[in-house]
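Student: Per my numbering, residue -2 is the first one in the sequence shown, and the count goes up by one each step.
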Amino acid sequence: MEVSGITFIKNALTLEYPIKEAIESISPLCDEVIINVGFDDPKCEQDDGTYVYLKNAFPGDKYIFFKSWWDPSKTDDGEILSEQTNLSLKKARGKFIQYIQGDEAVHEKDLDIIYDGIQEMKKNPHIDGLIFRYLHFYGNVDIIKYTRNTYRREVRLVRNKNVKSWKDAQGFRTLDGKKLHCKQIEARIFHYGWARKEQVMDQKVKSFSKLYHGQDHEEIGHTYQNMWGLKPFKNTHPKVMKKWIVENRNDVDLLSLKYTFSFKDFGLMFSDFVESLTGYRIGEYKNFRPIK
């Protein structure tokens, strides 16, 4: 077994996650895909139909499903997300783990880049993982947000040895909490988590706020707005996303909305200017140790 894909999801239908497309995007790389579907009750009988939807979409032996309960009492800074990732990780049999979250997708043009990265990992045992570049869509699929307060890269493929998902599942660490030694590749993760319709995003934000702050926390309603760091996206999306994009496109043109300047934007502007000249991002949080 060479490569295991892993993912987790809960309430994909209610919150309009492109989880089917996420799985399809990594499937060509994988010998198996572990799919963890979350439920509302300990007996794993209550969900929004996501489990049946995905079972019907992926009927082959390649796709390994299991159910899990999301304990609502676990609200420590979103760590239930890494817990769910680690449940999938424990079932993976491959030498390498390709991770994808329910609102992410890999472009078919980047599959060869990822494959080449895996071959390099085979030759070099000091490489623990591969760092992917990120495209964060915001408001709709025609706009990306690129500025210091959005992470520009993260580990999405790791060697299946002595690793665990970390904190709120943004990245990975060793079992004793040390950062992994990872190599940057040019493969991209297309992140659609903030590209859904405003009403759906409002539900998503309120749902996720409880994972970080407790079930009694009430988040203020979400509305899209023009802000620093938004840029038009003029390249192609992964082919697997075509249908989802048509069905979930948000017609609001954020770049045409009035931009309200914030004092905090000064720091972002300066940092982004330095990055544009040097490639260095001031204060970048690295959940890994980059190696050449």
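Cβ coordinates follow ideal geometry from the N, Cα and C atoms, glycine included.
Would you grab the beta carbon distance between Lys64 and Tyr50 for me? Rounded to a whole angstrom, and I think it's under 8 angstroms.
Tutor: As a first step, residue 64 must be located in the sequence shown, where it is residue number 67. As a first step, residue 50 must be located in the sequence shown, where it is residue number 53. Actually they do not touch by this definition, with Cβ atoms about 14 angstroms apart.
Student: Which same chain residues end up closer than 7 angstroms to Glu281 when comparing Cβ atoms and leaving out the 5 residues on each side of it in sequence?
Tutor: Translated into positions along the sequence shown, residue 281 becomes position 284. Within the same chain, Glu281 has no close Cβ partners at all.
Student: Just how far apart, CA to CA, sit Tyr189 and Asp109?
Tutor: Along the sequence shown, read from residue 1 onward, the residue named residue 189 stands at position 192. Along the sequence shown, read from residue 1 onward, the residue named residue 109 stands at position 112. Their Cα atoms are separated by approximately 22 angstroms.
Student: Taking Gly280 as part of the alpha helix (DSSP H), name the residues at either end of that continuous run.
Tutor: Your numbering for residue 280 matches position 283 in the sequence shown. Where Gly280 is concerned, there is no enclosing alpha helix (DSSP H), given that its DSSP letter is neither H nor E.
Student: Mapping DSSP to helix, strand and coil, what is Leu177?
Tutor: Translated into the one-based positions of the sequence shown, residue 177 becomes position 180. Correct three-state label for Leu177: coil.
Student: On the premise that Leu78 lies in contact with Asp165, defined as a C-beta separation below 8 angstroms, what is that separation, rounded to the nearest angstrom?
Tutor: Here the question's residue 165 lines up with position 168 in the sequence shown. Here the question's residue 78 lines up with position 81 in the sequence shown. At roughly 5 angstroms, the Cβ-Cβ gap stays under 8 angstroms, so Asp165 and Leu78 are in contact.
Student: Where in the segment 92 to 121 do unbroken runs of the beta strand (DSSP E), each at least 3 residues long, occur, reported from the N-terminal end onward?
Tutor: As far as the segment 92 to 121 is concerned, its whole beta strand (DSSP E) runs of at least 3 residues are 93 to 96 and 101 to 103.
Student: How about Glu101 and Lys236: do their beta carbons lie closer than 8 angstroms?
Tutor: Here residue 101 corresponds to residue number 104 of the sequence shown, with the count starting at 1. Here residue 236 corresponds to residue number 239 of the sequence shown, with the count starting at 1. Cβ distance not < 8 angstroms, so Glu101 and Lys236 don't count as in contact.
Student: How many Å lie between Ile92 and Thr11 at the Cα?
Tutor: To locate residue 92, count along the sequence shown from 1; it is residue 95. To locate residue 11, count along the sequence shown from 1; it is residue 14. Checking the displayed sequence, the identity of residue 92 turns out to be Lys instead of Ile. Taking the straight line joining both Cα atoms gives about 34 angstroms.
Student: Report the option in Glu21, Asn8, Lys175 and Asp125 whose CA atom is closest to the CA atom of Lys318.
Tutor: No answer is possible for residue 318: the residues shown for the chain start at -2 and end at 289.
Student: Return helix, strand or coil for Gly46, following the three-state DSSP convention.
Tutor: Taking the first residue of the sequence shown as position 1, residue 46 is located at position 49. Here Gly46 sits in coil by DSSP.
Student: Do Ala9 and Gly99 have their CB atoms nearer than 8 angstroms?
Tutor: For the purposes of this step, residue 9 is identified with residue 12 of the sequence shown, where counting begins at 1. For the purposes of this step, residue 99 is identified with residue 102 of the sequence shown, where counting begins at 1. Yes.
Student: With 16 other CB atoms within 10 Å as the buried threshold, where does Ser273 fall?
Tutor: Taking the sequence shown and counting its residues from 1, the one referred to as residue 273 is at position 276. With fewer than 16 Cβ atoms within 10 Å of its Cβ, Ser273 is classed as exposed.
Student: Alpha carbon to alpha carbon, how far is Glu262 from Trp225?
Tutor: Residue numbering aside, residue 262 sits at position 265 when the sequence shown is read from its first letter. Residue numbering aside, residue 225 sits at position 228 when the sequence shown is read from its first letter. Glu is not the amino acid found at residue 262; the sequence shown has Asp there. Taking the straight line joining both Cα atoms gives about 7 angstroms.
Student: Name the DSSP beta bridge partners of Thr4, please?
Tutor: As a first step, residue 4 is located in the sequence shown; it is residue number 7 there, counting from the start. Thr4 pairs with Ile32.
Student: If you drop the 5 nearest sequence neighbours on each side, which residues of the same chain put their C-beta closer than 7 angstroms to that of Thr144?
Tutor: Working through the sequence shown from its first residue, we reach residue 144 at position 147. Trp225, Gly226, Leu265 and Asp269.
Student: Determine the burial state of Ile16: buried for a count of at least 16 other Cβ atoms within 10 Å of its Cβ, exposed for fewer.
Tutor: Mapped onto the sequence shown, residue 16 falls at position 19. Buried.
Student: The alpha helix (DSSP H) spanning Leu86 covers which residue range?
Tutor: Counting from one through the sequence shown, the residue named residue 86 turns up at place 89. That run of the alpha helix (DSSP H) goes Glu76 to Lys88.
Student: Give the straight-line distance between the Cα atoms of Thr257 and Lys142, rounded to the nearest whole angstrom.
Tutor: One-based indexing of the sequence shown puts residue 257 at position 260. One-based indexing of the sequence shown puts residue 142 at position 145. Rounded to the nearest angstrom, the two C-alpha atoms are 16 angstroms apart.
Student: Closest to Val30 by C-alpha separation, out of Leu251, Tyr277 and Ile97, would be which residue?
Tutor: In the sequence shown, residue 30 corresponds to position 33, counting from 1. Among Leu251, Tyr277 and Ile97, the Cα nearest to that of Val30 belongs to Ile97.
Student: My output table needs one value for Ile186: the three-state DSSP class, helix, strand or coil.
Tutor: Against the sequence shown, residue 186 aligns to sequence position 189. Three-state result, Ile186: strand.
Student: Please report the residue range of the beta strand (DSSP E) in which Lys161 lies.
Tutor: Within the sequence shown, the letter at position 164 stands for residue 161. Segment Val160 to Trp163, the beta strand (DSSP E) holding Lys161.
Student: What residue does the alpha helix (DSSP H) around Thr275 start on, and which one ends it?
Tutor: To locate residue 275, count along the sequence shown from 1; it is residue 278. Run containing Thr275: Asp262 to Thr275, per the alpha helix (DSSP H) assignment.
Student: Let's see if you can read the secondary structure: which residues bound the beta strand (DSSP E) around Val155?
Tutor: Within the sequence shown, residue 155 is the residue found at index 158, counting from 1. Its beta strand (DSSP E) spans residues Arg150 to Arg156.
Student: Helix, strand or coil: how does DSSP classify Val64 here?
Tutor: For this step, residue 64 is matched to residue 67 along the sequence shown. Here residue 64 turns out to be Lys, not Val, going by the sequence shown. Lys64: strand per DSSP, three-state reduction.
Student: So, at 8 angstroms on beta carbons, what are the nonlocal neighbours of Gln167 in its own chain, with the 5 sequence-adjacent residues on each side left out?
Tutor: Residue numbering aside, residue 167 sits at position 170 when the sequence shown is read from its first letter. Cβ neighbours of Gln167 beyond the five flanking positions: Tyr148, Glu151 and Asn284.
Student: Suppose the cutoff is 8 angstroms on Cβ atoms and the five residues either side in sequence are ignored; what does the same chain contact list for Ile288 look like?
Tutor: Numbered from 1 along the sequence shown, position 291 holds the residue referred to as residue 288. Here the set comprises His123, Ile124, His178, Cys179 and Lys180.
Student: If Phe129 and Ile186 are in contact, beta carbons under 8 angstroms, what's the gap, nearest whole angstrom?
Tutor: The residue labelled residue 129 in the question sits at position 132 within the sequence shown. The residue labelled residue 186 in the question sits at position 189 within the sequence shown. 5 angstroms between Cβ atoms; contact.
Student: With DSSP as the reference, identify every bridge partner of Pro229, one or two as the case may be.
Tutor: Looking up residue 229 in the sequence shown gives position 232. DSSP output for Pro229 lists Ile140 as bridge partner(s).
Student: What did DSSP end up calling Ile16 once you bin it into helix, strand or coil?
Tutor: Translated into the one-based positions of the sequence shown, residue 16 becomes position 19. Here Ile16 sits in helix by DSSP.
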